Amino acid sequence: MNFELIDNSFQIIILGFCTIAALFLALRYKSRSLLILALAYACFCMGTTYYILYLVIMGKVPQVFYVAEISWLAAWLFYLSVQILRIERIGYRFSWFAGSAAVLVAVVAFADHAFGPSYFFSALFALVAGVNMYLSVFGMQSVQPYRSTDGLMAGCIVLQVLLYLVSDFIQDYTCFNLYFAVDITLTLSMVALLPFTLREVGK
């Protein structure tokens, strides 16, 4: 079996469970952060579900109106919203280090055409990833008890960009390779955002 199908199926199943769990916990704790996180998981699931269905039915990578990419971009917008809620509690200020990290991520994502040949979608993702990285690194620099959550979010961003970089050098998706190692690590890192966020909500 094509390992890409196994990898994407694993991502759909595990993020699907996370969507349900985050939604349940959001209602239980009346938490906006958990609700937004549930929406992020749901969008990521939808993008991957479309991708895998197209791959199975049509036998090739989808390039129809960037449906999967729009869903994945929406997921990252929700992740960004979670970070905005977190950073609002400690206040904003400019950080050269966070700014440098944000610019680096944005430039690499855009230069690599992370979301395909479309400059528009690549620019949108680069902007969202860059701003999210800025807030995450800024949170890591701040004196607050849950900086590990910011570190995890920054790790997710790096892994997402790295995934697109690695894909430039991979031609065979029928067996396990570095691409799938990065993708599985990214999936598990996104899953870890749920207990990390729940820990903050519980306090």
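In my numbering, the protein residues as written are 15 to 217.
Note that CB positions come from ideal geometry on N, CA and C, so glycine has one too.
Nothing here was measured: the structure is a model prediction, and the numbers come from that model.
Starting from the Cα of residue i, find the closest Cα among the options and give me that residue.
i, options, result
"V142", "I104, I98, W110, L177", "I98"
"L166", "E83, A56, M154", "M154"
"V205", "Y93, V121, V145", "Y93"
"T63", "L19, T188, L39, S95", "L19"
"F108", "F194, Y133, Y148", "Y148"
"L91", "R213, P209, I171, I198", "I171"
"G216", "A82, S136, D182, S47", "S47"
"L118", "F17, D21, V151, Y65", "V151"
"Y55", "Y65, L69, N16, S85", "S85"
"P159", "A82, R213, Y65", "R213"
"V175", "A123, S156, Y187", "A123"
"G105", "F17, Y178, D186, S156", "S156"
"H232", "D182, C189, L69", "Past the boundaries of the shown model lies residue 232; the chain is included only from 15 to 217, so the question cannot be answered."
"Q25", "Y65, F38, Y43, R42", "Y65"
"L53", "V96, R42, L69, Y43", "V96"
Leaving out the 5 sequence neighbours to the left and right, which residues in its chain are closer than 7 Å to residue i when beta-carbon positions are compared?
i, result
"I28", "T201, V205"
"G113", "Y148"
"L4", "Residue 4 falls outside the range modelled here, since the chain spans only 15 to 217, and no answer is possible."
"T199", "L173"
"R161", "G153, M154"
"V10", "In the structure as shown, the chain starts at 15 and stops at 217, and residue 10 therefore has no counterpart that could be examined."
"S132", "Y80"
Under 6 Å Cβ to Cβ from residue i, same chain only, skipping five residues before and after it: list those, please.
i, result
"L49", "A40"
"V180", "L192, Y193, V196"
"C57", "S85, A88, A89"
"N16", "T188"
Exposed or buried, residue i, counting other C-beta atoms within 10 Å across all chains shown (16 or more means buried)?
i, result
"M60", "buried"
"R100", "buried"
"L87", "buried"
"E83", "buried"
"L67", "exposed"
"A22", "Note that residue 22 corresponds to Asn in the displayed sequence, not to Ala. Classification for N22: buried."
"I71", "exposed"
"T163", "buried"
"F4", "Nothing can be reported for residue 4, as the shown portion of the chain is limited to 15 through 217."
"V121", "exposed"
"T211", "buried"
"Y178", "buried"
"V75", "exposed"
Leaving aside the five residues before and after residue i along the sequence, list all residues of the same chain whose C-beta is less than 8 Å from its C-beta, in chain order.
i, result
"G169", "S203"
- Every unbroken alpha helix (DSSP H) within the segment 150–211, with a cutoff of 4 residues, ordered by chain: 161–181
- Pick out the complete alpha helix (DSSP H) segments inside the segment 22–98, 4 residues or longer, and give them in chain order. 46–72
- Task: Tell me the start and end of each unbroken beta strand (DSSP E) in the segment 111–156 that is at least 3 residues and wholly inside, in chain order.
- Result: none
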